[in-house]
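For reference, the structure discussed in these notes is given below.
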Amino acid sequence: MFGAALLVALREGLEISLIMGIIFSYLRGLNRKDTFKPVWIGAGVAIGLSIILGIILYLFTGSEEWNGQIYLETAIFFVAVGILSYMTFWMKKNSRGMNKGIQASINTALNNDSGSFQLVLLAFLTIIREGLELVMFLLAISVEGKGDLLSLSSGTFVGLIIAVLIGWGIYQGTTKINLKVFFQVMGNILIVVAAGLLINAIHELIELAIIQPGVYLYNWENILNRHSAVGGILHALVGYTDHLSSVQLIVWLVYIIPAIILFNRNKVKTVPNPTA
Numbered sequence: 001m002f003g004a005a006l007l008v009a010l011r012e013g014l015e016i017s018l019i020m021g022i023i024f025s026y027l028r029g030l031n032r033k034d035t036f037k038p039v040w041i042g043a044g045v046a047i048g049l050s051i052i053l054g055i056i057l058y059l060f061t062g063s064e065e066w067n068g069q070i071y072l073e074t075a076i077f078f079v080a081v082g083i084l085s086y087m088t089f090w091m092k093k094n095s096r097g098m099n100k101g102i103q104a105s106i107n108t109a110l111n112n113d114s115g116s117f118q119l120v121l122l123a124f125l126t127i128i129r130e131g132l133e134l135v136m137f138l139l140a141i142s143v144e145g146k147g148d149l150l151s152l153s154s155g156t157f158v159g160l161i162i163a164v165l166i167g168w169g170i171y172q173g174t175t176k177i178n179l180k181v182f183f184q185v186m187g188n189i190l191i192v193v194a195a196g197l198l199i200n201a202i203h204e205l206i207e208l209a210i211i212q213p214g215v216y217l218y219n220w221e222n223i224l225n226r227h228s229a230v231g232g233i234l235h236a237l238v239g240y241t242d243h244l245s246s247v248q249l250i251v252w253l254v255y256i257i258p259a260i261i262l263f264n265r266n267k268v269k270t271v272p273n274p275t276a
């Protein structure tokens, strides 16, 4: 659980750091450091609401079993897979134009009478999306880890600290990182993480007897138990299970193969033929 939480927190945290860095760098370039405070207020409110929502949802999916909990956990897995997949592809598509889009929003805010409020709103809306995404991913990881709060919180903390340090280094101009390569690598890793969450979602459906498991392909409980140290790490990162069913494998392949191909596909720009 620690490793999965660290990866997700690093990915989401770095995106937040980059966005905040773009905002502050542009405002600094305009010699408008007086507008930093509204941005911090908007970011703080978004982070606070994300934390509160995360705590509430964590309490609902804690170690105490209650009627209907398994249905909620199943829904969390599917929602996390959907959001994680969408976010990964969205970032690849929009990362190049993100800088200009944020600068345009800042210009609009500064040229408006309610500029301070618009800066608060800009920071809030930008960060709340990433915060809610992070909450959903961590919640799904928590569910599959059966509420191991220590591993979850420590992995999240380390991931966010690394993200903040990288973001601060980029803002100060002391750190250079190829963001295209970074997001490409992280995107592939997170697709694998999402596929692992999907395996757990299918496992929940099998437990609910909504679908049949087919046949179990192996039993490695005595070889590499998913509750062991190594097995637990693999389970958190890639959805490893010591009892893999044929249905889980089929769903995993149906998801991960097209996702990896589409994510790594480079669009070929076609040049129109000159007309005679």
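UniProt numbering applies: residue 1 is where the sequence shown begins, and numbers increase by one.
From the three backbone atoms N, C-alpha and C, an ideal C-beta is built for every residue, glycine too.
All values derive from a computational prediction rather than experimental measurement.
Worksheet item: Taking contact to mean at least 3 C-beta pairs separated by less than 8 Å, is the region 32-41 in contact with the region 179-191?
Response: no
Discussion item. Which residues does DSSP list as the beta-bridge partners of S245?
Written reply: Y216
Fill in: Continuous alpha helix (DSSP H) stretch holding A46: start and end
36-60
Worksheet item: Unbroken alpha helix (DSSP H) runs of length 4 or more, entirely within the region 152-212: which are they?
Response: 179-207
Worksheet entry | Counted within 10 angstroms of its Cβ, other Cβ atoms place F157 as buried (16 or more) or exposed | exposed
Fill in: Whether L214 touches V247 by CB criterion (9 Å)
In the sequence under discussion, the amino acid at residue 214 is Gly, which differs from the Leu named in the question. Contact: yes.
Item to complete: Report yes or no: do three or more beta-carbon pairs, one from the region 123-138 and one from the region 42-62, lie closer than 8 Å?
Response: yes
Discussion item. Taking the straight line between their C-alpha atoms, what separation do you get for F77 and A194?
Written reply: 9 Å
Worksheet item: If we ignore side chains and look at the alpha-carbon of each, how far apart do Y240 and I202 end up?
Response: 13 Å
Worksheet item: Hey, would you say the C-beta of Q248 is under 8 Å away from at least one heavy atom of the ligand SAH?
Response: Looking at this structure, you won't find the ligand SAH or any other ligand, since it has none at all.
Worksheet item: Taking three-plus beta-carbon pairs below 8 Å as touching, is the region 163-172 in contact with the region 2-22?
Response: Yes, since at least three Cβ pairs between the region 163-172 and the region 2-22 fall closer than 8 Å, the two stretches touch.
Worksheet item: Taking only runs of the beta strand (DSSP E) that begin and end inside the region 79-111, which ones reach a length of at least 3 residues, in chain order?
Response: Qualifying beta strand (DSSP E) stretches: none in this window.
Item to complete: Consult DSSP for S228 and reduce its assignment to one of helix, strand or coil.
Response: coil
Practice prompt. On a CA-only basis, which of I256, A259, L53 is nearest V135? Give me that one, please.
Written response: For the residues I256, A259, L53, the minimum Cα distance to V135 belongs to L53.
Worksheet item: Can you list, in chain order, the residues of its chain whose CB lies under 6 Å from that of I206, leaving out five sequence neighbours each side?
Response: P213
Worksheet item: In three-state DSSP terms, what is E73?
Response: helix
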